[in-house]
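Student: In order, the protein sequences belong to chains Z, F, D and U.
Residue numbers in the first sequence follow the working numbering, run continuously in steps of one, and reach 476 at the last position.
Residue numbers in the second sequence follow the working numbering, run continuously in steps of one, and reach 476 at the last position.
Residue numbers in the third sequence follow the working numbering, run continuously in steps of one, and reach 476 at the last position.
Residue numbers in the fourth sequence follow the working numbering, run continuously in steps of one, and reach 476 at the last position.
Number of protein chains: 4
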Amino acid sequence: MNQKNLDLCKGLVKSSYIDQATQATSQYNKLVESLLTQRRLPDQGWSDKVIELFLEQVSMMDSNNFVENIGVGEREGRVFSGLVQKRHYGLSHGIGRSGDINEQQPKAAGSSLIQKLTNYLVLDAMKIAGFESDTIPSCLVLPMATGMTLALTMATLAQQKPQAKYVLWPRIDQKSCLKSIATAGLVPVPIENIVVGDLIKTNMDAIQEKISQLGRENILCIFSTTSCFAPRAPDDIVSISKLCKQENIAHIINNAYGIQDSKIVHNINQSCRQGRVDAFIQSTDKNFMVPVGGAIVASPNKDFIQAIGKNYPGRANGSPILDLFITLLSMGKDIWKTLLDSRKSLLPYFTESLTTLAKEFNERLLDTVSENKISFGITLSNLKTSTPPSLIGSKLFSRSCSGSRVIDLSSNKKNTVANIEFNNYGSHTDHYPPGSYLTIACAIGIEKQEIDIFIQRLRLVLKKELS
Amino acid sequence: MNQKNLDLCKGLVKSSYIDQATQATSQYNKLVESLLTQRRLPDQGWSDKVIELFLEQVSMMDSNNFVENIGVGEREGRVFSGLVQKRHYGLSHGIGRSGDINEQQPKAAGSSLIQKLTNYLVLDAMKIAGFESDTIPSCLVLPMATGMTLALTMATLAQQKPQAKYVLWPRIDQKSCLKSIATAGLVPVPIENIVVGDLIKTNMDAIQEKISQLGRENILCIFSTTSCFAPRAPDDIVSISKLCKQENIAHIINNAYGIQDSKIVHNINQSCRQGRVDAFIQSTDKNFMVPVGGAIVASPNKDFIQAIGKNYPGRANGSPILDLFITLLSMGKDIWKTLLDSRKSLLPYFTESLTTLAKEFNERLLDTVSENKISFGITLSNLKTSTPPSLIGSKLFSRSCSGSRVIDLSSNKKNTVANIEFNNYGSHTDHYPPGSYLTIACAIGIEKQEIDIFIQRLRLVLKKELS
Amino acid sequence: MNQKNLDLCKGLVKSSYIDQATQATSQYNKLVESLLTQRRLPDQGWSDKVIELFLEQVSMMDSNNFVENIGVGEREGRVFSGLVQKRHYGLSHGIGRSGDINEQQPKAAGSSLIQKLTNYLVLDAMKIAGFESDTIPSCLVLPMATGMTLALTMATLAQQKPQAKYVLWPRIDQKSCLKSIATAGLVPVPIENIVVGDLIKTNMDAIQEKISQLGRENILCIFSTTSCFAPRAPDDIVSISKLCKQENIAHIINNAYGIQDSKIVHNINQSCRQGRVDAFIQSTDKNFMVPVGGAIVASPNKDFIQAIGKNYPGRANGSPILDLFITLLSMGKDIWKTLLDSRKSLLPYFTESLTTLAKEFNERLLDTVSENKISFGITLSNLKTSTPPSLIGSKLFSRSCSGSRVIDLSSNKKNTVANIEFNNYGSHTDHYPPGSYLTIACAIGIEKQEIDIFIQRLRLVLKKELS
Amino acid sequence: MNQKNLDLCKGLVKSSYIDQATQATSQYNKLVESLLTQRRLPDQGWSDKVIELFLEQVSMMDSNNFVENIGVGEREGRVFSGLVQKRHYGLSHGIGRSGDINEQQPKAAGSSLIQKLTNYLVLDAMKIAGFESDTIPSCLVLPMATGMTLALTMATLAQQKPQAKYVLWPRIDQKSCLKSIATAGLVPVPIENIVVGDLIKTNMDAIQEKISQLGRENILCIFSTTSCFAPRAPDDIVSISKLCKQENIAHIINNAYGIQDSKIVHNINQSCRQGRVDAFIQSTDKNFMVPVGGAIVASPNKDFIQAIGKNYPGRANGSPILDLFITLLSMGKDIWKTLLDSRKSLLPYFTESLTTLAKEFNERLLDTVSENKISFGITLSNLKTSTPPSLIGSKLFSRSCSGSRVIDLSSNKKNTVANIEFNNYGSHTDHYPPGSYLTIACAIGIEKQEIDIFIQRLRLVLKKELS
């Protein structure tokens, strides 16, 4: 309530009580003031109640919620269902304008405000996670998942170098990466990885060679990947960045869930300082525990971020931004740090538990943890002859363990994705000597108790299926 | 947002858009101002969005929601479950203080404000329904249903006339009425009604006689009933009031769902003007379409209302008051009037439909509609010998028709309630010549379509069970 | 979804995915089954999502939510406002029937189910807190706060011994206790306490003497109090119970927030075993962290609990029961135990912090902690002459510390409550030698961080106001 | 509850009440069954309560909500904030898989089910609006607004005809249309419209000529527009379709808000039957009153719809699909038809009101209503010399009228959009003889009362600004 109405309350409730309430209202207003001026994660997360009050107030700034609003246009933010209106706090105009996804809506000052603030909060959260100021002078939060965002990013690059059709792509067996290149109307050029011990690593020589072969003027960019399933290592982005700088080729990093890994963050900082990085893209859901649907494009180059924003045609859905906004306000700096720290500290616990378990069954943890700090795997060398490797995965799933993946290398399967044929698709390489394996991840939000229960359930499954 | 924060938004969103949003915020503030100053139903109901924003703001005035609150008492309004907190908008201190249910809570200025405003809104809604200003100079909304509220009202009366134990009670066969007398530690004295045509009416002579017999000094009050199931008519409260005035005996009216009936309202006005009425009690759910749990005590005597408030020991649940507050804001004057008018105008439609249906089966509408404007009935004279009357009721209920009641007068049953034995309990009289019947009500909120479907379903039931 | 519909989903979504989902549905069904059969707190609390699904399903069992329902009665559970409906999950019929608050509603099987289950869960939670099976064979959860519930309990007692008007009441300076006696139409007979060291204790001799004086046949009951503000100790209920048994006088214990104190619980067990306890009443909000509005009447005597239920006239609001139901499901056994343990273990931390602080200012912790395990106090002996004691309280409140109370014994004030005059009302005794003091409580739900901040704020206040 | 648990309830609540509740549960199950088997809008909309119960049940089918779920992958649908989880009903896995946005998620059977059902419901709603079965054998609901969806559609077309870079584009001055072509990496070729009377119409000759000039093999498609701001008419899509068929050029129709206009729908049917239409794209928010963020791609060619789905890289946000799902279930067939009919019938009311108003000020309604059935305009010929036309728009906006647009043709402005220079951008043509004007729309969801208030407010504005 504004001061005038608070004063009017004194006609109804004792003056001294209202004075106290007024003071409380100003505690709330100070929280908001601090958000609007500092534009950083609050030190301590806001309560749900405070968040909802703020959202109710902000959404009143959108024209469709004006008490006296009359809409005589073709798009007036009318919402038929009360359930739908409620779940969006009355925000219905989305974000952006026809010209630019970053442009503010005259009809929707509230939505515009949330979009702006979310950008600031994301930047702050990324800095807390280790990104340096020069690495991320600005970012763009898009209401599209990483695949489509990668496509838009490359499409924007393509407008700047229209003749260059090729995208050099160190193989990563995740379909949407490859498809994003095709969606942008470009031609993916796979670079086969090399196997070193248990690790699958970037083949820098092959990249260099391919540049010579195709001609740098025909290459739009190198598309590298950091966070990925073991036994693949994150790409050697520092070397790639240096090469890109030297060859004057753009460099896009798919950093889907890399914000949570301080080593990857460090490497991105290095890459931006020492080489060329045009953009790095991360998933909102995989890093910030929101529902699927958003991505963050960041870049050391502010202008390129702007260009992407301007290349987005029309308005967009504001829901993923709202999710992120609520989440970051709710986490605050404290819990965000705790989540990052907790994931990091559970990693050795998880891999040790798995090492112990693997030993019980004469299997072993793949030796990849030095490089890949999120995903890791154990061998599946001693399966009963009657047990196809994939059965381990489906048995785990039917025991309510989701997210583990079995790579069956027992036969030499071929797959075609985006018109390219791959051997052993899913394993990131044509031939992986250690054979079939099971991968697991230690991702943000996981809890110790989950690890313990997973190990128990995996033990039961292995007991039955290993000879 | 307050003006300062709105201005700060201009650092993030275009100044002109924020100016527009500021204007919208002030539209909202004007709604609130109007509520706080006029304290009447808004002409048009508030949207859910506006209501929720207001509740979020008001609840921030309660200490348990202060951003910086520390609670070191034994009752600090802590709420464990987020679901529970949300459903009460963070309001958890209830209403009242140990001394008086109407007293304001220092810890809960917001809850106190809602209680106060609800009182005003209820008074306004009752005036719109026809109550005159002198009839209801004040009222008390209690978070207890009518039965317990009647008990508290009589207990308060009893403190003023401690030796008087008797309550004269024109028979109304609804258990909680009778029990409320016993709960208050008093002795009910039933007054048998008289049957006139199809109607069951107040026996004024019997009341007069009972007063003489017991002695007015031993009689605490007469407990009359307005809204009731046909074929009972509302009590002749005008005559009772005059008698009470003349005999200096208190008069309590159970007006459970009488607000919706303008004839009853008119009679209460008359009674207050010409006779003695100490209090009349109405249900919140039966009149205002909120969940069960509240009652309104009104009186032409302000002091008595205050005495009841002071007699309530301790705090009370605020939930029924909140329901009423939300509902009245949401209805506004417009819809509240429409609901009253619509019920009134559907009454002839319903009774005509029922008359027609009854004729089809050689039954008839009981001739009570001139007096009882809410409940009415049809005879059940031609049931198959194998069909007990109650079967009609249970068949209707199993066809998802709730609320109809069958009174089976085929045998002469005796029941004991609160230690008093009754003949044909449920029919309000020892002997009702027209025999068994089915009652139905045309209550607030009913829709034409419901009437049509009910008639259809009833026809199907009667077809099978009437000979 | 039921099995048939799950199977139909296979026409839309892959059969194996639906099979997995079916299995998940049955995990949920097993939770429900376990609740319905074991009727105890779940070992681990249910998630909000599971609770809401369950409530949505249960509320579909109430007739007002039947898809095909037609209501033709005077009370059909119609809810005007979507906000109101939502916040009650569509439950609108309240609880109880006219005859008995414990009776089931034919129109509201779902509400009835929740009421029943809540009773079982409360019994289980109380047993976990230490109550023995013989102490609580049954209980009644009422949607009224403790004051009104005490009144109803005594009113029910009074029906069994109508001539006995006196209630012996060891003085406890909390208005609603005293007023509950008056509301029930009874006469409170205060028993002045005795001061022993810093403690204010039950005067057993005075009770005994008063019984002789008034005659046991004229005494309805002794009304004792456990949980209370320091420096008053919980009444010596074991001695009182023995006396009641010996004198054949009823005994009602006001155990408002005593469930959280294992010592009080132990004493209630002892009292029930060795003496006479007719009922003990506890607040739902003070013990279970729900909004104000409910109370639990328990008794070793099942029949008396039933009698109270039957004495409640009419239906009642279901909201406080729903709050408790949600809360207990959400807590589960684990968290409920943790909350009890945590409060207990924070008590020494709090009193030690306070002792240290008091020393800084030449004040001292009142020596009451051996007896009163929830509330405690420090002296206010060295206030500046310009500082009235009450200023400490209001300064704390304006610093967002709620719940501390200052008892100003600097002048000898007289107050009249329920027509009885008291010296130094608020201090539980006519004369308390240690002088003015500040009380604070360590109540369930308090967190260590709150204690630390409170101590800081109190230090700042004392610094200014102590000489 | 399943049958077993319902039966278990009989241990707690009377058997006959539970039987009744079981019957009610089966009424609900029948609604669901009907949805799953008929896959059409329910005849009558579902209540919010039923919708929420269904969503709670369906979301339990997603693995992140399994009671016993353990997530050990990199994306486990964890949701940090309870507010976020609640607003998505626990659905967090989005839609689609890396390979195909239409593919089902093994981890998310519930989300997949909703996506599938939404597709069916949208098809049904479109058929009710007049689309013939052959026009829409299938559709794709994408969680991107129309601009980005148009880009994806053209990018998909481009993969089939990689050498063709040109998109013939009858000028429509709405930025996102033009930009969508550029985003897809294609070259827009504007076709200037012709002015006929007040109408701005498709220049078929110019299109024909441009095809000859550029060569059909170099033209990817014609991009036509139906719903648009007056005085532009919907493009002559029937002629364009015939031409496309004849020239073997693809045809994409931007039908942003055309579902609500039966004439446009009719023309699309005709176009599909008589000519070539590859896809027509419509906004979800502009037609179905949901928040901005979704679009529907439809096509008479099922394979092309599939190709677009497969071209979408990765998962996507499920929120816009959920909004649509809730909305269509809530509307039902009845209200959807009523909304369409009501808009249609308010059009003459609105234009007549405007005609009358215009006359008052010596202005006139532009004569475009015979062709454009949604948007219309009035001339602004008599403005005071001191009044720039745009002032009318901003004055209306500051009077809380949103959506009207002023086209200021008083000077001959030039704008560059997507590197193309336009005269009088916003007016769809280089030169519009009637001069400056104000446009207004009669869009779905508008109410008579809104029209009346708008006319009042416009009158006040014009009074001041017209000479």
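Quick reminder that beta carbons are idealized off the backbone N, C-alpha and C, glycines included.
Tell me whether the beta-carbon of U/W178 lies closer than 8 Å to the beta-carbon of U/P152.
Tutor: no
Student: With 8 Å set as the bound, which would you pick, yes or no: does the beta-carbon of D/G80 sit closer than that to a beta-carbon of chain F?
Tutor: At least one CB atom of chain F sits nearer than 8 Å to the CB of D/G80.
Student: Just the C-alpha distance for F/N310 and Z/V22, rounded to the nearest angstrom, thanks.
Tutor: The alpha-carbon of F/N310 is positioned some 23 Å away from that of Z/V22.
Student: Buried or exposed: D/N78, going by 16 or more other Cβ atoms within 10 Å of its Cβ?
Tutor: buried
Student: Quick one: using the 10 Å Cβ neighbour count with 16 as the cut-off for buried, is D/Q465 buried or exposed?
Tutor: exposed
Student: What does Z/S407 touch in chain D if you count any residue whose Cβ is under 9 Å from its own?
Tutor: D28, Q29, Q32
Student: With respect to the beta strand (DSSP E) encompassing Z/V426, which residues constitute its N-terminal and C-terminal limits?
Tutor: First-last of the beta strand (DSSP E) with Z/V426: 423-426.
Student: For U/T46 and D/L17, I'd like the C-alpha separation in whole angstroms.
Tutor: Between U/T46 and D/L17, the C-alpha separation is close to 7 Å.
Student: Taking a Cβ distance cut-off of 9 Å, strictly less, list which residues of the region 303-321 of chain Z are near chain U, in chain order.
Tutor: G303, K319, N320, Y321
Student: Taking the C-alpha atoms as reference points, what is the distance between F/S72 and D/K404?
Tutor: 14 Å
Student: Assuming Z/S476 and Z/N421 form a contact by the criterion Cβ under 8 Å, report the distance between their Cβ atoms to the nearest whole angstrom.
Tutor: Not confirmed; about 23 Å, so no contact.
Student: Check each candidate in U/I110, U/I190, U/V204 and name the one with the smallest Cα separation from U/Q315.
Tutor: U/I110
Student: State whether the region 109-129 of chain U contacts the region 106-123 of chain Z, with contact taken as three or more CB pairs (one from each stretch) at a distance under 8 Å.
Tutor: no
Student: Which runs of the alpha helix (DSSP H) spanning at least 4 residues fall entirely within the region 55-111 of chain D, listed in chain order?
Tutor: 57-68, 91-96
Student: Between the region 284-294 of chain U and the region 79-91 of chain U, are three or more C-beta pairs nearer than 8 Å?
Tutor: no
Student: Name the DSSP beta bridge partners of Z/W178, please?
Tutor: Z/P199
Student: Would you say F/F463 faces chain D, with C-beta separation under 8 Å as the test?
Tutor: yes
Student: Based on Cα-Cα distance, which residue from Z/W345, Z/F75, Z/D52 lies nearest to F/N38?
Tutor: Z/F75
Student: Can you look up F/R414 in the DSSP assignment and give me helix, strand or coil?
Tutor: strand
Student: Can you tell me which of the three DSSP states F/H260 falls into?
Tutor: strand
Student: How long is the line joining the alpha carbons of D/D207 and D/Y358, rounded to whole angstroms?
Tutor: D/D207 and D/Y358: Cα-Cα distance of roughly 21 Å.
Student: Can you pull out the residues from the region 34-45 of chain D whose beta carbon lies closer than 7 Å to at least one beta carbon of chain U?
Tutor: T34, Q36, Y37, N38, L40, V41, E42, L45
Student: With three or more C-beta pairs closer than 8 Å as the rule, is the region 410-420 of chain F touching the region 23-32 of chain D?
Tutor: no
Student: Quick one: residues in its chain with C-beta nearer than 7 Å to the C-beta of U/S362, no 5 flanking neighbours on either side, listed in chain order?
Tutor: I460, I464
Student: Could you round the C-beta distance between D/G103 and F/V301 to whole angstroms and report it? I think they count as a contact, below 8 Å.
Tutor: Between F/V301 and D/G103 the Cβ distance is about 3 Å, and since that is below 8 Å, they are a contact.
Student: Within the chosen definition, does the region 90-97 of chain U reach the region 327-345 of chain Z through at least 3 CB pairs nearer than 8 Å?
Tutor: yes
Student: Could you check the C-alpha separation between U/D133 and U/L50 for me, to the nearest Å?
Tutor: 7 Å
Student: Strictly below 7 Å CB to CB, what residues from chain U border Z/I383?
Tutor: Chain U residues near Z/I383: E83.
Student: Quick one: grab the DSSP three-state call for D/E430.
Tutor: strand
Student: To the nearest angstrom, how far is it from the Cα of Z/I216 to the Cα of Z/I262?
Tutor: The alpha-carbon atoms of Z/I216 and Z/I262 are separated by roughly 15 Å.
Student: When DSSP builds the beta bridges, which residues end up paired with D/I290?
Tutor: D/N263, D/V306
Student: With which residues is F/T336 paired in a DSSP beta bridge?
Tutor: Looking at the DSSP assignment, F/T336 forms no beta bridge with any residue, so it has no partner.
Student: What's the gap between the Cα of Z/T360 and the Cα of D/K136?
Tutor: 42 Å
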